[in-house]
Amino acid sequence: MVLEIGEEGFKNFKNLKMIHRLFPNYYKPSFKFKYIFIFVLILNTSFIFCQSENPPNFVVVFCDDLGYGDIGAFGHPIIRTPNIDRMAVEGQKWTQFYVADPVCTPSRAALLTGRYPIRNGMTSSKRVVLFPDSPNGLPLDEITIAEVLKKQGYATAAVGKWHLGHLPEFLPQSQGFDSYYGIPYSNDMDSKSWDKYKDWSNDPNFYSKIDHYNVPLIENKKVIERPADQTTITKRYTEKAIQFINQNKEKPFFLYLAHSLPHIPLFTSEKFTGRSKASLYTDVIEEIDWSVGQIIKTLKNNSLHNNTVVVFTSDNGPWLLFKTHGGSAGPLRAGKGTTFEGGQRVPTVFWGPGIVAPGVINQMGATLDLLPTFAALSGSEIPNDRKMDGYDLSQVLTQNSDSPRKEFYYWAFAELHGYRNQQYKVHVKQREEIHYGRSTIVLERPELYDLRADISEKHDVAETFPEVVSDLLGIMDLHLKDLADALPDQLADRMPIE
Ligand SMILES: [Ca+2]
494 MVLEIGEEGF KNFKNLKMIH RLFPNYYKPS FKFKYIFIFV LILNTSFIFC
544 QSENPPNFVV VFCDDLGYGD IGAFGHPIIR TPNIDRMAVE GQKWTQFYVA
594 DPVCTPSRAA LLTGRYPIRN GMTSSKRVVL FPDSPNGLPL DEITIAEVLK
644 KQGYATAAVG KWHLGHLPEF LPQSQGFDSY YGIPYSNDMD SKSWDKYKDW
694 SNDPNFYSKI DHYNVPLIEN KKVIERPADQ TTITKRYTEK AIQFINQNKE
744 KPFFLYLAHS LPHIPLFTSE KFTGRSKASL YTDVIEEIDW SVGQIIKTLK
794 NNSLHNNTVV VFTSDNGPWL LFKTHGGSAG PLRAGKGTTF EGGQRVPTVF
844 WGPGIVAPGV INQMGATLDL LPTFAALSGS EIPNDRKMDG YDLSQVLTQN
894 SDSPRKEFYY WAFAELHGYR NQQYKVHVKQ REEIHYGRST IVLERPELYD
944 LRADISEKHD VAETFPEVVS DLLGIMDLHL KDLADALPDQ LADRMPIE
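Note that the numbering used here numbers the sequence shown so that position 54 is 547, with each residue one more than the last.
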């Protein structure tokens, strides 16, 4: 155990000091020796850390369009999420955790590669995300978490929504995953009734027909069902996840479970339909919480819970356009598709009783940080031939240390909209709060918000603190100059109509 090794080493160092204090003439280490001792201790500790016989397992539960305010532990008064809430108490609740982009495709690309999507062409000013007529996907020479961990002997599985290229050559098995089971793009695509859903979504219990959405369900590279029966999709993802854990309990594993919900259209299995007596959206989240509970139970049944890190988070904020079928960003401004906090700050919990020190982390983290964090915890190598954008959060997880992430760049639609450093966030561009698909608004003058004092971005303080604005704009310029290796837009192309 990492913590135990660290504590043991520290005890040895304390013993050395104690011997010196009790027997000053018998044993007196030189100043130089003390530093050599500390150096050897650190080397030794990191060696054992990296060579651990039982590197931890990782499970990422990644929801789609779940808002910051949609979980009990994050303040929702109606939606019941006892399993996620328990994870938050036993593990770490992160109150300032970000996704690198406020829409599906780029957000996923960033989580898996630890790089802003502008670097690998997975964001576009012309098209929001990948569509069923997109010929491209995440470039194959991008290195994903699955590829990093696979080198260390991990078993890897992707279950759920992929949205990084639906053609066979771009599916998860081309990006380090041993297996795949899920839908290749959003659950509303190939739709006969997308526009009408907006009107129906005034009814919180409106339940769509499955065949209005011609989304395929894929196993590895083969379509096994079309349209996918979305009423049982959360249940079936959960069964696949449990099966994968049971089959790989003897070796380290990485499970990427990306739920297709609560992205519209909303569906629930029979057991959860109407269960909450509040809304279909509530039923959907309660089914996802049940799924989380099943995963924790499976880990415990296999005695894996003390050597597994489970991360629960979302790919972007709530889709407010869909009214009662969209979630809530709680106290945050706006939602999906915007670079306001409601678009990019997501409810996040890290759980792992043997690894994660319990606490509320009121500091910054991002999905960009998962790759370097998992690499550190497993003794894997971080790619060193390209620009990376993540920070290693392992010390925060294991010891409640200060988060190394002190800044965050807000990207959307291949444009840099804003930048946060400590409590200050500057905006230079924005999208409309509900209709984010409309053109970018270039602000006539930058806006500045103090997120520590004003979580809802209500009070522009740019005129009060002009020097802060100027400093932040200077750092944004440097960031833009740091994009020399950026690949061209991979989202804009369309396949010719046959
Ligand atoms: Ca999404």
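Glycine is no exception: its CB is placed at the ideal position from the N, C-alpha and C atoms. Small disclaimer: the values here were computed from a predicted structure and weren't measured.
C-beta atoms of residue i and residue j nearer than 8 Å
i    : j    : result
D578 : G565 : yes
Q787 : G810 : no
S753 : K654 : yes
W687 : I854 : no
W904 : D594 : yes
A907 : S600 : no
V777 : L750 : no
T637 : G614 : no
F551 : F805 : no
K880 : R608 : yes
T727 : I781 : yes
G820 : G560 : yes
I948 : P824 : yes
Y591 : M969 : no
N576 : I789 : yes
S627 : R987 : yes
L664 : K714 : yes
V596 : V621 : yes
L984 : T606 : no
Y674 : T831 : no
L864 : I848 : no
P846 : H798 : yes
Heavy atom of ligand 1 within 7 Å of residue i beta-carbon
i    : result
V596 : yes
D563 : no
H752 : no
N809 : yes
H920 : no
H756 : yes
D943 : no
D558 : yes
Local Cβ density within 10 Å of residue i, reported as buried at 16 or more and exposed below that
i    : result
D975 : exposed
I571 : exposed
E640 : buried
E631 : According to the sequence displayed, residue 631 carries Leu and not Glu. By the neighbour-count rule (16 or more Cβ atoms within 10 Å), L631 is buried.
Q723 : buried
P989 : exposed
R924 : buried
K829 : buried
G568 : exposed
P981 : exposed
R826 : buried
H910 : buried
S894 : exposed
N518 : Model confidence at N518 stands at a pLDDT of 38, short of 50, so the residue's coordinates are unreliable; what they give is reported in the following sentence. The residue in question, N518, is exposed, as its Cβ has fewer than 16 Cβ neighbours within 10 Å.
I535 : Because I535 sits at a pLDDT of 47, beneath the cut-off of 50, its placement in the model cannot be relied upon, and the following sentence gives the value as read from the coordinates. Per the 10 Å Cβ criterion, exposed.
L971 : exposed
H952 : exposed
V802 : buried
For residue i: DSSP bridge partner residues
i    : result
H920 : G911 and E940
A979 : Answer by DSSP bridge pairing: none, since A979 is not bridged.
N550 : T801
A859 : Y591
C556 : S807
S684 : Y706
R838 : Y591
L642 : Looking at the DSSP assignment, L642 forms no beta bridge with any residue, so it has no partner.
A905 : E908
Neighbourhood of residue i by C-beta, 7 Å cutoff - its chain only, sequence neighbours within 5 removed
i    : result
L496 : Its pLDDT being 30, under 50, L496 is placed unreliably by the model, and the measurement read from it follows with that caveat. Hits under 7 Å: T891.
L965 : Y912, N914, Y917 and V919
E958 : A small correction: the amino acid at residue 958 is Phe; Glu does not occupy that position in the sequence shown. Closer than 7 Å at Cβ, skipping near neighbours: L941.
K643 : T649 and G669
I611 : W904, A907, L976 and A979
A771 : I571
Cut-off 6 Å between Cβ atoms - residues of its own chain near residue i, not counting five sequence neighbours on either side
i     : result
R945  : Q916
K685  : H705
I531  : Any answer about I531 is weak, because its pLDDT of 47 lies below 50 and its placement is not dependable; what the coordinates show is given next. No residues qualify anywhere along the chain.
F699  : W693
D1013 : Given a span of 494 to 991 for the chain in the structure shown, any question on residue 1013 remains unanswerable.
Cβ shell of residue i (< 8 Å), same chain only, five flanking positions each side left out
i    : result
P851 : V582, E583, G584 and Q585
N795 : I738, N739 and K742
E779 : I572, R573, T574, F765, R768 and S769
CB contact below 8 Å: residue i versus chain B
i    : result
S672 : In the structure shown, chain B does not exist; there is a single protein chain.
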